[in-house]
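With our numbering applied, the sequence shown covers 1 to 237. Using N, Cα and C, we set each Cβ at its ideal position, and we do this for glycine too. Computed from a prediction, not measured in an experiment: that's the story for all the values here. Please read the structure below before turning to the comments.
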Amino acid sequence: MKLLKECTLTDKCSYLQNKEQTAHYKILSECSSAYCMTLTQRGWRRFGKMFFRPICEGCSECQSVKIDAQNYNFSKSERRIIRKNSHIKTVLQHPTVTQKHIDLFNKYHRYMHQKKGWDNNQTDAKNYYTSFVSGHDSFGHEVLYYDQDKLIGVDLIDILDNGISSIYFYYDPEYKNLSLGKYSLYRQIAFAKIYDKKWIYLGYYVKECESLSYKSQFKPYLTLQGRPLEEQEDIWD
């Protein structure tokens with residue numbers, strides 16, 4: 001592990017309106033799979049070479065959650081979604097950036113801007129590389145979703161020794177009827193079952209944030225207690 005920068009910043013909250021968010025950041029030029037897992041288990045999120053977690057005083061709305069993949073049982077409705085996507089081809093590889101990635105990412109965010117009022121965050125190759133490709137080391141991967149030869153979804157994940165950390169998923173809104181967001185998570189759970197990965201780290205659950213509240217549907221799940229330091233035990237309840 002090689003630490004380039006560490007700082008604390010306060011900005012507009014990413015999850016709740018009319019609130020500020022204070023976050024602790026680490027920028028790492030080198031990160032082993034073991035250290036990535038150490039941070040992930042303690043509530044940190046990774047984008048590129050940057051790790052962060054909220055440390056807001058007097059607010060605990062951001063709850064780190066993880067799914068017990070080995071004991072997860074797919075419901076009838078979930079199995080229907082899996083069957084509905086049986087024609088979709090997937091490719092697992094280390095993250096890349098192509099014009100197809102950029103076009104799909106921007107199309108998705110235009111759609112979410114109209115549907116949910118998200119900021120219309122359009123990206124280019126440089127910014128995409130910084131956020132999703134750099135810093136992947138041996139553990140960072142992308143799952144590409146194809147309908148025949150058409151790229152319709154990209155799932156960014158970290159595959160760690162004891163589980164999978166979900167980083168970001170985006171898809172073609174023309175295929176919204178396939179419930180690709182849910183399907184990508186079911187694929188992660190199925191992968192974890194096959195390769196003996198105990199957990200799916202879902203990042204933050206925020207009850208009042210529509211874009212994150214869905215995470216409570218996936219049971220059994222556990223919630224991280226507090227904000228443990230690296231030398232402290234992580235306790236999930």
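Unbroken beta strand (DSSP E) runs of no fewer than 3 residues, entirely contained in the stretch 149 to 220, are found at 150 to 159, 163 to 171, 199 to 205, following chain order. Three or more Cβ pairs closer than 8 Å define a contact, and the stretch 109 to 127 falls short of that threshold against the stretch 151 to 166.
Residue 190 and residue 108 have their C-alpha atoms spaced approximately 25 Å apart. No Cβ-Cβ contact shorter than 8 Å links residue 169 with residue 36.
With respect to the C-alpha of residue 195, the residue from 137, 63, 164 having the closest C-alpha is 164.
Counting the other CB atoms within 10 Å of its CB gives residue 78 a total of 16 or more, which places it among the buried residues. Measuring C-alpha to C-alpha distances from residue 72 to each of 177, 51, 197, 232 identifies 197 as the nearest. Membership of residue 142 in any alpha helix (DSSP H) is not indicated; the residue belongs instead to the beta strand (DSSP E) covering 140 to 147. In the three-state scheme derived from DSSP, where H, G and I count as helix and E and B as strand, residue 55 is classed as coil.
Residue pairing by DSSP places residue 90 opposite 145 in a beta bridge. Beyond the five residues adjoining it in sequence on each side, residue 110 comes within less than 7 Å, by CB distance, of 120 in the same chain, given in chain order. With a contact defined as Cβ atoms closer than 8 Å, residue 100 and residue 151 qualify at about 5 Å.
Residue environment: residue 192 is assigned as buried (16 or more neighbouring CB atoms within 10 Å of its CB, all protein chains considered). Residue 180 holds the alpha-carbon nearest to the alpha-carbon of residue 154 among 180, 19, 112. For the pair residue 23 and residue 39, the CB atoms are not nearer than the 8 Å cut-off.
Annotated as proximal: residue 95 and residue 132, with beta-carbon spacing under 8 Å.
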